[in-house]
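The sequence shown maps to residues 197 to 455 in the working numbering.
Yeah, the Cβ is synthetic: ideal placement off N, Cα and C, and Gly gets one too.
The structure displayed is predicted, hence computed values, not measured ones.
Here is the structure we will look at, set down as structure tokens.
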Amino acid sequence: DKLFNLKCFSLKSFFQFQQYDKIVSLLRRMSNLEKLTLYLPIEGRNKVIDGTYVQHDILDYMPQLHSFTFYICTYVKTVDLSYKLSSEDIQQTLTNIGQQHVTSIVNYIHCGIAACSIFSLPFQFDYLKHLGNKFPNIVFSYVTFLLVEDINLFKHEFFIRIARSFPLLNFLRIFNRKSQVLDGLMTFSSDNCQLHSIIEYHHLTRLDVRDAHRDYVEQFLNETKTYIPCLTEFGVDVDDLKAVTKNFTRKETRRNCAK
Numbered sequence: 197d198k199l200f201n202l203k204c205f206s207l208k209s210f211f212q213f214q215q216y217d218k219i220v221s222l223l224r225r226m227s228n229l230e231k232l233t234l235y236l237p238i239e240g241r242n243k244v245i246d247g248t249y250v251q252h253d254i255l256d257y258m259p260q261l262h263s264f265t266f267y268i269c270t271y272v273k274t275v276d277l278s279y280k281l282s283s284e285d286i287q288q289t290l291t292n293i294g295q296q297h298v299t300s301i302v303n304y305i306h307c308g309i310a311a312c313s314i315f316s317l318p319f320q321f322d323y324l325k326h327l328g329n330k331f332p333n334i335v336f337s338y339v340t341f342l343l344v345e346d347i348n349l350f351k352h353e354f355f356i357r358i359a360r361s362f363p364l365l366n367f368l369r370i371f372n373r374k375s376q377v378l379d380g381l382m383t384f385s386s387d388n389c390q391l392h393s394i395i396e397y398h399h400l401t402r403l404d405v406r407d408a409h410r411d412y413v414e415q416f417l418n419e420t421k422t423y424i425p426c427l428t429e430f431g432v433d434v435d436d437l438k439a440v441t442k443n444f445t446r447k448e449t450r451r452n453c454a455k
């Protein structure tokens, strides 16, 4: 078996798939593996892949492993779960198996689905999907593509955090139909520096808000809120674009629309 002699193995999928058990069966044949990299978005399960599963399904079969870089996200329907999801509980399963430089995120997205991810630190991948309002205060130094989605609206502070946590962000896609007006966010308060600060995305060249409320077009085109000097590709509903820019005559949107 050639897999038995493998020392290094990497498997990455940026599309959700259901063949988790097949992958586990394959990995178990690599008992001499020393370095393993996994990027796995898994769907079609009624249980979240946490630290306990990682230990019993994978690590127990790799006694020589000394480098494990991973991102595993389980997409589950909350109605199918027999227990309440908790990022803290998932984190505890990682601590229990001796994985110290790891973290977890639970984010609720469309159609009653929860995206439950566990990953090693520092985050080594350049691609991340379904990040929501709640994420750890860390820097994702290598991420260039990011998709954000949440069942709750995104406030201005959220995008401040995104700019700080993703310094090399090149492509941002937003899924959120909730209006920022619902929380009075479209009017800044002069006595709130956090809300009033202008966000700068120095490397962002592509932005897609076609699946977002019109308020997020305002969020990114209004130069009093956001500055995107390198933007060259903008996915947006034409009616939203005309409304926010007032048919390209609005002063506050000219700079971000310049390219």
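query = Does DSSP put His297 in a helix, a strand or coil?
reply = coil
ask   = Are three or more beta carbon pairs between the segment 322-334 and the segment 345-354 nearer than 8 angstroms?
value = yes
task = Use the C-beta contact count for Gly247: other C-beta atoms within 10 angstroms, 16 or more gives buried, fewer gives exposed.
result = buried
task = Could you name the residues that DSSP lists as bridge partners for Pro237?
result = Cys269
message = For the structure I just gave you, are there three or more beta carbon pairs, one from the segment 218-233 and one from the segment 272-284, closer than 8 angstroms?
response = no
ask   = Ser221 to Ser393, Cα distance in whole Å?
value = 51 angstroms
key: Start and end residues, alpha helix (DSSP H) containing Ser316   = No alpha helix (DSSP H) holds Ser316; the beta strand (DSSP E) holding it covers Ile309 to Ser316.
Neighbourhood of Ile305 by C-beta distance below 6 angstroms, restricted to the same chain and skipping five residues each side = Ala311, His326 and Glu345
key: Span separating the alpha-carbon of Phe210 from that of Leu234   = 11 angstroms
Proximal residues to Ile309 (C-beta, below 8 angstroms), its chain only, five neighbours per side dropped = Tyr271, Val272, Lys273 and Thr274
task = Could you check what DSSP says for Tyr257 in three-state terms: helix, strand or coil?
result = helix
message = Looking at the secondary structure, which residues open and close the alpha helix (DSSP H) in which Ile356 lies?
response = His352 to Ser361
inquiry  = Suppose the cutoff is 7 angstroms on Cβ atoms and the five residues either side in sequence are ignored; what does the same chain contact list for Leu427 look like?
reply    = Leu400, Thr401, Leu403, Asn452 and Lys455
query = Does the segment 311-320 come close enough to the segment 281-295 to have 3 or more Cβ pairs within less than 8 angstroms?
reply = yes
task = May I have the straight-line CA-CA distance separating Lys442 from Phe319, to the nearest angstrom?
result = 41 angstroms
Endpoints, the alpha helix (DSSP H) within which Val440 is located = Val434 to Thr441
query = To which residues does DSSP link Ile395 through a beta bridge?
reply = Thr422
Residue from Leu281, Arg406, Thr291 and Gln212 whose Cα sits closest to the Cα of Val244 = Leu281
query = Once you ignore the five residues that flank Tyr372 on each side, which residues in its own chain have a CB closer than 7 angstroms to its CB?
reply = The sequence shown places Asn at residue 372, not Tyr. The answer, listed in chain order, is Glu345, Asp346, Leu349, Phe350, Ala408, His409 and Tyr412.
key: Cα-Cα separation between Asp436 and Asn366, rounded to whole angstroms   = 23 angstroms
request  = Tell me, please, which residues DSSP counts as bridged to Lys208.
outcome  = Tyr235
ask   = DSSP on Glu230, reduced to helix/strand/coil?
value = coil
key: Helix, strand or coil at Gly328 according to DSSP, with G and I counted as helix   = coil
task = To the nearest angstrom, report how far apart Ala359 and Glu353 are at their CA atoms.
result = 10 angstroms
DSSP three-state assignment for Ile370, whether helix, strand or coil = strand
inquiry  = Here's a check: name, in chain order, each residue in its chain whose Cβ is nearer than 7 angstroms to the Cβ of Asn418, leaving out the five neighbours to either side.
reply    = Glu448 and Thr449
ask   = Where does Val405 land, buried or exposed, given buried means 16+ other C-beta within 10 angstroms?
value = buried
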